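Novice: To get UniProt numbering, take the position in the sequence shown, counting from 1, and add 559.
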Amino acid sequence: PRPILLTRHGESQDNVRGRIGGDAALSEAGELYKKKLANFVGKRLKSERAASIWTSTLQRTILTASPIVGFPKIQWRALDEINAGVCDGMTYEEIKKNMPEEYESRKKDKLRYRYPRGESYLDVIQRLEPVIIELERQRAPVVVISHQAVLRALYAYFADRPLQEIPHIEVPLHTIIEIQMGVTGVQEKRYKLMD
Ligand code: F6P
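(1) Checking 8 Å against the spacing of the C-beta atoms, do LEU687 and LEU565 come in under that value?
(2) If we call anything under 8 Å between Cβ atoms a contact, is TRP613 one with VAL701?
(3) Any chance the CB of GLY580 is under 7 Å from a heavy atom of ligand 1?
(4) Taking the alpha carbon of VAL683 as the point to measure from, which residue in GLU640, ALA718, ASP754 has its own alpha carbon closest?
(5) So for TYR672, helix, strand or coil by DSSP?
(6) Is DSSP giving LEU585 helix, strand or coil here?
(7) Counting only runs that start and end within the stretch 689-723, where is the alpha helix (DSSP H) found for 4 or more residues in a row?
(8) At what residue ranges does the stretch 607-685 contain a whole run of the beta strand (DSSP E), taking only runs of 3 or more?
(9) Between the Cα of VAL703 and those of THR734, PRO721, ARG608, spot the shortest distance and give me the residue it belongs to.
(10) Given a cut-off of 8 Å, decide if GLY569 and ALA583 are closer than it, judged by their beta-carbon atoms.
(11) So is the beta-carbon of ALA643 under 7 Å away from any non-hydrogen atom of ligand 1?
(12) Alpha carbon to alpha carbon, how far is SER571 from GLY741?
(13) Residues bridged to THR734 by DSSP?
(14) Leaving aside the five residues before and after GLN746 along the sequence, list all residues of the same chain whose C-beta is less than 6 Å from its C-beta, in chain order.
(15) Name the one or two DSSP bridge partners that GLN739 has.
(16) Let me confirm a value: TYR651 is counted as buried when at least 16 other C-beta atoms fall within 10 Å, else exposed. Which label applies?
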């Protein structure tokens, strides 16, 4: 069995401010996480020569991967966070106040709701198809450093969770979800590296 390690990027400056989307750098806590992650990956994949590190094209994932050495890194646009369109850069409070109808429609059907000029969870699930095909094809371990909505969708695929649950799955920061694909099915472990 070969592991797939899923993790969100280290905490970003936008996470601290509660802003969605954007392309911010890491916060102080995020900087600490990237070191802890590199240390964990170094130990966990010590004898795995063919492993690879996949990130999105956003700097918070690339920065999180930066201290990991010895493995090739691949950037996927398909691993970028859900595109919040006109709401990019806003806080949930600002959306609620300035665009109450949008806020309510998303609350009602988070899976299907599409941000104006942006994406829905269903859109994200669809664009992940090539990533999933490539992950299934890999013989060696893969570390996927991506974002909350994208990792909910990826995790749901491997853990066989129903579509409707996807937007609500817990994928906390600074936690590694290890998925093992064996003959007996899928096994999961979570490693919380920081509070
Ligand atoms: O807040 C971090 C973040 O990754 C945002 O960039 C993104 O819009 C959001 O999480 C997705 O989570 P939710 O679908 O719960 O709003």
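Think of the CB as a built atom: it goes at the ideal place given N, C-alpha and C, for glycine as much as any other residue. These figures come from a predicted structure and were not determined experimentally.
Specialist: Working from what's here:
(1) no
(2) yes
(3) GLY580 Cβ: within cutoff of ligand 1.
(4) GLU640
(5) coil
(6) strand
(7) 707-718
(8) 611-614, 632-634
(9) For the residues THR734, PRO721, ARG608, the minimum Cα distance to VAL703 belongs to THR734.
(10) Going by C-beta atoms, ALA583 is not nearer than 8 Å to GLY569.
(11) yes
(12) 34 Å
(13) Paired residue(s): LYS751.
(14) GLN739
(15) Paired residues: PRO562, GLN746.
(16) exposed
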